[in-house]
Amino acid sequence: MTATDLDRFAEFCEQHLRLENGRPLVLEPFQRRILADYFAGTTETLVLVSKKQGKTTLLSALALWHITAQRDAECVIAAAARDQATIMLRQAGGFIRRSDALRKRLRVTQREVVSLIDGGRIRCLASDVDTADGVLPTLALVDELHRHKSPDLYGVLRDGLGPRDGRLITISTAGDD
């Protein structure tokens, strides 16, 4: 039996990603189910979860996996405001600081994570800023879409998926907003 990409991602998390308490990031069964469609090759995935279920941690881990596993990755974190988007970027930065292997491969700045191997990157975009035109993501992570002031950023990212066979995950908390 061969390992699936989802299994390899779970192994990456356990081997390289440490939580703030020093423990390895071990995927819960529900987190594996959340990412099953993504790892099966689905272009767009919509995930609705309740608050405090680790969505930021999970997507930060996925962004790091993506930038280390895909050549010339362009991972975009999109949120309603830059502050919200940088929460996920800071989470990824924490994982990198706590991993000798990742510190050798990735550089963290205030606005992005860059691969020292091939220049791939993870960066933040906010829906309240017109900076997404021309973006061709290999992975777009859209956080809390229901809070975006307009669907414009989502549309630009979705339209940009094609040229690089990109993927898009929209994750949001279930609620009345």
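Numbering (the working numbering), first residue to last: 19 to 195. For each residue, glycine too, the CB sits at the ideal point set by N, CA and C.
Inter-residue Cα distance where the pair is residue i and residue j
{"i": "S78", "j": "R89", "result": "18 Å"}
{"i": "I189", "j": "L175", "result": "14 Å"}
{"i": "W83", "j": "I95", "result": "14 Å"}
{"i": "L76", "j": "G180", "result": "25 Å"}
{"i": "E32", "j": "L64", "result": "25 Å"}
{"i": "Q102", "j": "G111", "result": "15 Å"}
{"i": "V153", "j": "E29", "result": "30 Å"}
{"i": "V44", "j": "R165", "result": "29 Å"}
{"i": "R141", "j": "C93", "result": "6 Å"}
Residue i burial status per 10 Å Cβ neighbour count (16 or more: buried)
{"i": "G178", "result": "buried"}
{"i": "F27", "result": "buried"}
{"i": "G137", "result": "exposed"}
{"i": "G40", "result": "exposed"}
{"i": "G184", "result": "buried"}
{"i": "K255", "result": "Lying outside 19 to 195, the shown extent of the chain, residue 255 is not represented and no answer is given."}
{"i": "A87", "result": "exposed"}
{"i": "K73", "result": "buried"}
{"i": "S68", "result": "exposed"}
The ligand SAM heavy atom lying under 8 Å from the CB of residue i
{"i": "L35", "result": "What this structure holds is no ligand at all, so the ligand SAM is not there to describe."}
Min CB distance residue i to chain D below 9 Å
{"i": "Q102", "result": "No chain D is part of this structure, which consists of one protein chain only."}
Proximity to residue i [Cα-Cα], best of the options
{"i": "K171", "options": "L143, E29, D183 and R185", "result": "Per the sequence presented here, residue 171 reads as Leu, with Lys not at that position. With distances taken between Cα atoms, L171 lies closest to L143."}
{"i": "D23", "options": "A99, G184 and R50", "result": "R50"}
{"i": "I15", "options": "S145, A91 and R36", "result": "It is not possible to answer for residue 15, since the shown part of the chain is limited to 19 through 195."}
{"i": "G173", "options": "E62, Q71 and T127", "result": "E62"}
Where the beta strand (DSSP E) containing residue i begins and where it ends
{"i": "Q65", "result": "Rather than Gln, the amino acid found at residue 65 in this sequence is Val. Run containing V65: E62 to V67, per the beta strand (DSSP E) assignment."}
{"i": "L143", "result": "R139 to A144"}
{"i": "R51", "result": "No beta strand (DSSP E) holds R51; the alpha helix (DSSP H) holding it covers P47 to F57."}
{"i": "R125", "result": "L124 to V126"}
{"i": "D161", "result": "L157 to D161"}
{"i": "A96", "result": "E92 to A97"}
{"i": "R185", "result": "R185 to T191"}
Where the alpha helix (DSSP H) containing residue i begins and where it ends
{"i": "T174", "result": "Looking at the sequence provided, one finds Val at residue 174 rather than Thr. Note, V174: alpha helix (DSSP H), D170 to D177."}
{"i": "E29", "result": "D23 to H34"}
{"i": "I135", "result": "Segment: none, I135 is in no alpha helix (DSSP H) and carries neither H nor E."}
>> Any contact between the segment 46 to 60 and the segment 122 to 136? By contact I mean 3 or more CB pairs, one from each, below 8 Å.
In response: Result no; under three Cβ-Cβ pairs closer than 8 Å.
> On the three-pair Cβ rule with 8 Å, is the segment 110 to 118 touching the segment 155 to 174?
Replying inline: Touching, no.
>> For the segment 128 to 144 against the segment 98 to 115, do three or more pairs of beta-carbon atoms, one drawn from each stretch, fall closer than 8 Å, so that the two count as touching?
In response: Counting C-beta pairs closer than 8 Å gives three or more between the segment 128 to 144 and the segment 98 to 115, which meets the contact rule.
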